[in-house]
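See structure below.
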């Protein structure tokens with residue numbers, strides 16, 4: 032669901048082009064169906080994001096079982112001594128392994144829960160900021176006055192939300208998932224039967240690892256929206272000049 036922010040930015044850019052054409056031609060024309068669909072779609076999408084975000088945050092804070100992805104060091108299962116596997120084909124494992132595991136966890140601590148919930152909340156608020164900007168652009172286009180200061184400010188807020196929020200939610204999720212991995216996979220010690228032939232049973236379990244993988248699409252999308260806001264300032268002047276000629 033949250034990958035839709037980039038699509039919303041694209042919609043905003045396309046609608047900016049439509050706004051420029053509107054001012055240049057001094058008319059919208061008879062076809063307003065597309066704009067009405069975009070405006071209505073923004074309302075529906077915003078409500079969907081609001082509901083799903085509230086449910087996700089509530090679940091991460093209050094429900095005993097939490098869905099979370101655990102980041103680990105590269106791991107591949109090791110067979111205990113005395114166990115032999117007979118391959119079913121010619122393919123052989125030579126290197127690599129798993130680096131994360133999507134799991135369901137119970138008994139997760141409040142600190143990890145709070146970070147995961149905060150990441151979800153920031154994601155939702157960022158989506159709502161972009162959705163509100165798209166709604167305003169469509170609404171003002173339908174009114175015949177797309178270049179209003181309130182629209183430009185909404186686009187600037189959406190741009191800042193994408194850049195700042197896009198970085199923040201990734202950090203919150205990264206740290207929260209690492210804390211969850213330490214709670215699930217961490218241990219105070221081991222007990223095992225020497226007959227298993229294991230010197231170090233920890234090789235049977237993956238090791239938690241902090242992994243902050245920053246995706247840059249929110250930053251680039253935010254910069255694109257900032258450019259849209261700058262273009263709207265120019266559009267405000269163009270709209271005033273056009274109105275003065277009438």
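Residue numbers (our numbering): 32 to 277.
Backbone N, C-alpha and C fix where the C-beta goes; we use that ideal spot for every residue, glycine too.
Taking C-alpha positions only, residue 133 is separated from residue 257 by approximately 35 Å. Counting C-beta atoms within 10 angstroms of its own C-beta, residue 115 has fewer than 16 neighbours from the protein chains shown and is therefore classed as exposed. When only Cα atoms are considered, residue 93 and residue 103 end up about 26 Å apart. In the assembly as shown, residue 108 is an exposed residue. Its beta-carbon has fewer than 16 other beta-carbons within 10 Å.
Residue environment analysis places residue 122 among the exposed positions, since fewer than 16 neighbouring C-beta atoms fall within 10 angstroms of its C-beta. Closest in C-alpha terms to residue 75, from the list 85, 99, 163 and 105, comes 163.
Cβ-Cβ distances below 8 Å link residue 127 to 105 and 107 in the same chain, with the five nearest sequence neighbours on each side left out; the list follows chain order. Residue 140 counts as exposed, since fewer than 16 other beta carbons sit within 10 angstroms of its beta carbon.
Annotation: the continuous beta strand (DSSP E) that includes residue 134 extends over 129 to 137. In the three-state DSSP reduction, residue 101 falls in the strand class (E or B).
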